[in-house]
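Counting from 1, position 76 in the sequence shown corresponds to residue 94 in this note's numbering; the numbering is continuous, with no gaps.
Idealized CB from N, CA, C, for every residue including glycine.
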Amino acid sequence: MTDVLGGTGTEANGTAEEAERLRREIRDLRAQVRTRPLIAQAQGLLTERYRLRGAETAFALMQQASQRFNIKLRTVAEAVIAVPRPDTDQSLWFPGRTRRGAPPLDTLGMDGADRAHHSEVLSAVLTQALAITSATMGNVQLADRAGRVLRIEKHTGLSDEFVDFFAVVGDRGTSCAQAAADVAQTTVRDVATYPVFTPQAREAILKAGSRACHSIPLATSDGTCVGMVSAHLDHPIQDLHPAQLAALEQTGRQAGAWLSWHERTIVLDALEYLHATARDPAATPPARRR
Numbered sequence: 019m020t021d022v023l024g025g026t027g028t029e030a031n032g033t034a035e036e037a038e039r040l041r042r043e044i045r046d047l048r049a050q051v052r053t054r055p056l057i058a059q060a061q062g063l064l065t066e067r068y069r070l071r072g073a074e075t076a077f078a079l080m081q082q083a084s085q086r087f088n089i090k091l092r093t094v095a096e097a098v099i100a101v102p103r104p105d106t107d108q109s110l111w112f113p114g115r116t117r118r119g120a121p122p123l124d125t126l127g128m129d130g131a132d133r134a135h136h137s138e139v140l141s142a143v144l145t146q147a148l149a150i151t152s153a154t155m156g157n158v159q160l161a162d163r164a165g166r167v168l169r170i171e172k173h174t175g176l177s178d179e180f181v182d183f184f185a186v187v188g189d190r191g192t193s194c195a196q197a198a199a200d201v202a203q204t205t206v207r208d209v210a211t212y213p214v215f216t217p218q219a220r221e222a223i224l225k226a227g228s229r230a231c232h233s234i235p236l237a238t239s240d241g242t243c244v245g246m247v248s249a250h251l252d253h254p255i256q257d258l259h260p261a262q263l264a265a266l267e268q269t270g271r272q273a274g275a276w277l278s279w280h281e282r283t284i285v286l287d288a289l290e291y292l293h294a295t296a297r298d299p300a301a302t303p304p305a306r307r308r
């Protein structure tokens, strides 16, 4: 009987591991489907702009810039599409650009803001928001350049189904979309009764074990929302204390200023490098297999 039970337990574990592997593959495939059109569009632009050997060479060029400046390939592709095209006869994409030092991240307990990594900053923002709100679940989203959608970049404590459902959020139907539109903190005391959610969004949140949430815009000094951090709690709540709101406001403003600096500095550095490399046939990377 022991052998039979042991075998059954092993088979059950194997089945659970296989199911989890398949879920990961499905999530990865869905992420690729969301990103592929963006990258393909950037490949086409670069191929035409610099008369490259083909789309694979353009991909290798973006991949090299991504790795060199430690930013996501999707970020490079999005910038290639959104930023006004350079004069290909000029050696610089951004002639006369002034580089400024990074704004501080002391609210997040981080030194050396100029050297901070994008992912580390987002992790610190999420940790700070959860600590202030006493929450154990949460996520950080970033706005696309047009400001029309929010994409999850960091999360903790939330189910895979939640992350997949809210991977990309539009401009309505969720509390984070409302917070982004108002550029103001938004408290959902009870997810079950808060009116802004679509039925599908409400169901996905409740299924993940969240009964209340609080969203904090990551905003620049001119009031532009560049991201969002949301804390989720497993029970209905009342309004946060003014001291909590003030601390979260400071966190959102400091993180927003740094993210804006990163976009105007590190991402543009990557584009400048891409431009210089693409103009030099000897430096252009060979196409790579994917």
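- Within 10 angstroms of the beta-carbon of G62 lie fewer than 16 other beta-carbons, which makes it exposed.
- In the three-state reduction of the DSSP assignment, I170 falls in the strand class.
- Distance check between I99 and each of T116, A76, A60 and F87 places A60 closest, using alpha-carbon atoms only.
- Rounded to the nearest angstrom, the gap between the Cα atoms of S228 and P213 is 16 Å.
- Per DSSP, H280 lies in no beta strand (DSSP E); the unbroken alpha helix (DSSP H) holding it starts and ends at P260 to R297.
- In the three-state reduction of the DSSP assignment, Q256 falls in the coil class, being assigned neither a helical nor a strand state.
- According to the DSSP assignment, Q82 belongs to the alpha helix (DSSP H) that extends over A73 to F87.
- At a Cβ-Cβ threshold of 9 Å, V247 and L176 do not count as neighbours.
- The Cβ neighbour count for H280, taken over all protein chains shown within 10 Å, is at least 16; the residue is labelled buried.
- Rounded to whole angstroms, the separation of the alpha carbons of G270 and E171 is 16 Å.
- Taking the CA atoms as reference points, P121 sits about 35 Å from D252.
- For A202, the secondary structure class from DSSP, reduced to helix, strand or coil, is coil.
- Approximately 14 Å separates the beta-carbon atoms of A153 and H259; this is outside 8 Å, ruling out the contact.
- Here the region 216-227 makes contact with the region 177-187; the two share three or more CB pairs at distances below 8 Å.
- Pairing L292 with Q82 gives a Cβ-Cβ distance under 9 Å.
- Contact annotation: G188 and A197 have beta-carbon atoms that are not nearer than 9 Å.
- Pairing G274 with C243 gives a Cβ-Cβ distance under 9 Å.
- Residue pairing of G188 in beta bridges, as defined by DSSP: absent, with no partner found.
- Taking the C-beta atoms as reference points, T125 is found nearer than 9 Å to Q272.
- Bridge partners of L160 according to DSSP: R169 and G245.
- Sequence-distant partners of V101 (beyond 5 residues in either direction) whose C-beta falls short of 7 Å from its own C-beta, in its chain, are L289.
- In the structure shown, the three-state DSSP call for A237 is strand.
- Residue state for L140 is assigned as helix, using DSSP reduced to three classes.
- Listed in chain order, the non-local C-beta contacts of L140 below 6 Å within the same chain comprise V158, E171 and K172, local neighbours out to five positions each way being set aside.
- Setting aside the 5 residues that flank it on each side, W111 is surrounded in the same chain by P104, L289, E290 and H293, each with a C-beta closer than 7 Å to its C-beta; the list follows chain order.
- Within the same chain, Cβ atoms closer than 8 Å to the Cβ of T283 are found at R117, R118 and A120, the five residues on either side in sequence being excluded.
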